[in-house]
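**Student:** Residue 109 is where the sequence shown starts when you use my numbering, and the numbers rise one by one after that.
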Amino acid sequence: ANYRNVLTEGPFLRNLVNSLIVSGAVVAISLLIGVTAAYALARIRFRGRSALMLAILSVSMFPQVAALAGLFEIVRALHLYNSLLALVLSYMIFTLPFTVWVLTTFVRDLPVEIEEAAILDGAGPWIILTRIFLPLMWPALATTGLLAFISAWNEFLFALTFTSTNTQRTVPVAIALLSGNSQFEIPWGNIMAASVI
109 ANYRNVLTEG
119 PFLRNLVNSL
129 IVSGAVVAIS
139 LLIGVTAAYA
149 LARIRFRGRS
159 ALMLAILSVS
169 MFPQVAALAG
179 LFEIVRALHL
189 YNSLLALVLS
199 YMIFTLPFTV
209 WVLTTFVRDL
219 PVEIEEAAIL
229 DGAGPWIILT
239 RIFLPLMWPA
249 LATTGLLAFI
259 SAWNEFLFAL
269 TFTSTNTQRT
279 VPVAIALLSG
289 NSQFEIPWGN
299 IMAASVI
């Protein structure tokens with residue numbers, strides 16, 4: 109009965125789809141940008157590379173609450189409030205540094221001889237990245253993508269702040285806002301059923 113209540117009485121299925129869309133978009137964009145940035149940071153020598161890596165790491169150390177007010181102003185100025193794009197943008201700020209850092213460490217550990225052999229065969233940077241490094245990076249891509257997906261799926265603060273209607277909310281916020289028949293009733297059965305789903 110609780111499963112039926114959760115699936116039929118409110119927009120929980122829509123919230124589930126929203127979470128899948130947002131988490132999938134965050135993973136796809138993070139991995140696309142992360143792979144190219146990781147290759148550049150690990151293999152191309154340029155001035156300030158260490159400082160850039162330190163800046164990327166320091167961005168991921170900020171708590172979400174510290175960035176909330178500034179992000180809210182950006183979302184409002186871009187007219188993205190109450191849209192899934194606002195959630196994707198805000199999640200990317202915290203997911204991308206982690207993705208770049210992990211993938212850079214992985215690319216740095218790949219043998220340089222593989223890249224040198226590809227260069228001798230006439231391959232350019234894009235061919236080296238897509239045809240040589242990308243197949244070798246599948247374990248790191250799978251791990252990083254899974255962690256990014258879990259992070260985006262479980263995020264609560266930005267999803268609560270940047271959405272105002274039930275049809276735009278994600279699963280964690282929808283579960284938190286489940287209410288009973290009165291203000292004194294907590295629908296534990298519905299909450300547990302939604303958590304299992």
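We put the CB at the ideal spot given by N, CA and C, even for glycine.
Name the residue from Gly156, Asn123, Ile236 whose alpha carbon lies nearest to the alpha carbon of valine 281.
**Tutor:** Asn123
**Student:** What is the rounded straight-line gap between the Cα of leucine 188 and the Cα of threonine 278?
**Tutor:** 16 Å
**Student:** Beta-carbon within less than 7 Å of threonine 203's beta-carbon, same chain only, minus the 5 sequence neighbours each way: which residues are those?
**Tutor:** Val134, Ser138, Ala256, Ser259, Ala260
**Student:** Just list the beta strand (DSSP E) runs in the region 223 to 282, keeping only unbroken ones of 3 residues or longer that don't cross its boundaries, in chain order.
**Tutor:** Here no run is fully enclosed.
**Student:** Go through the region 158 to 223 residue by residue and report every complete run of the alpha helix (DSSP H) that reaches 4 residues or more, in order.
**Tutor:** 172 to 185, 192 to 217
**Student:** What's the C-alpha gap between leucine 162 and isoleucine 201?
**Tutor:** A direct Cα-Cα distance of roughly 16 Å separates leucine 162 from isoleucine 201.
**Student:** Once you ignore the five residues that flank leucine 286 on each side, which residues in its own chain have a CB closer than 7 Å to its CB?
**Tutor:** Pro295, Asn298, Ile299, Ala302
**Student:** Compare the beta carbon distance of alanine 146 and threonine 212 with 9 Å and say whether it is the shorter of the two.
**Tutor:** yes
**Student:** What whole-angstrom Cβ distance do threonine 252 and threonine 207 have, given they're in contact under 8 Å?
**Tutor:** 5 Å
**Student:** What distance in whole Å lies between the Cβ atoms of alanine 175 and phenylalanine 270, which are believed to be in contact at a cut-off of 8 Å?
**Tutor:** Going by Cβ atoms, the distance from phenylalanine 270 to alanine 175 rounds to 12 Å, so no, they are not a contact pair.
**Student:** Cutting at 6 Å between CB atoms, please list the residues of its own chain near alanine 150, excluding the five before and the five after it.
**Tutor:** If the five residues before and after alanine 150 are omitted, its C-beta is found closer than 6 Å to the C-beta atoms of Thr212, Val215, Arg216, all from its own chain and listed in chain order.
**Student:** Among residues of its own chain, excluding the 5 on either side of serine 127, which ones have a beta-carbon nearer than 7 Å to its beta-carbon?
**Tutor:** Trp261, Thr278, Val279
**Student:** Once DSSP output is grouped into helix, strand and coil, what is the label at glutamate 293?
**Tutor:** coil
**Student:** Applying the criterion that 16 or more other CB atoms from any shown protein chain within 10 Å of the CB defines a buried residue, is alanine 109 buried or exposed?
**Tutor:** exposed
**Student:** Between the C-alpha atoms of alanine 248 and valine 143, what's the straight-line distance to the nearest angstrom?
**Tutor:** 10 Å
**Student:** Taking the alpha helix (DSSP H) that leucine 140 falls in, what are its first and last residues?
**Tutor:** 120 to 151
**Student:** What do you get for serine 272, buried or exposed, if any count of 16 or more other CB atoms within 10 angstroms of its CB means buried?
**Tutor:** exposed
**Student:** Let me know the secondary structure DSSP gives arginine 112 once reduced to three states.
**Tutor:** helix
**Student:** Going by beta carbon distance, what residues of the same chain come within less than 7 Å of leucine 121, once the five residues before and after it are set aside?
**Tutor:** Leu115
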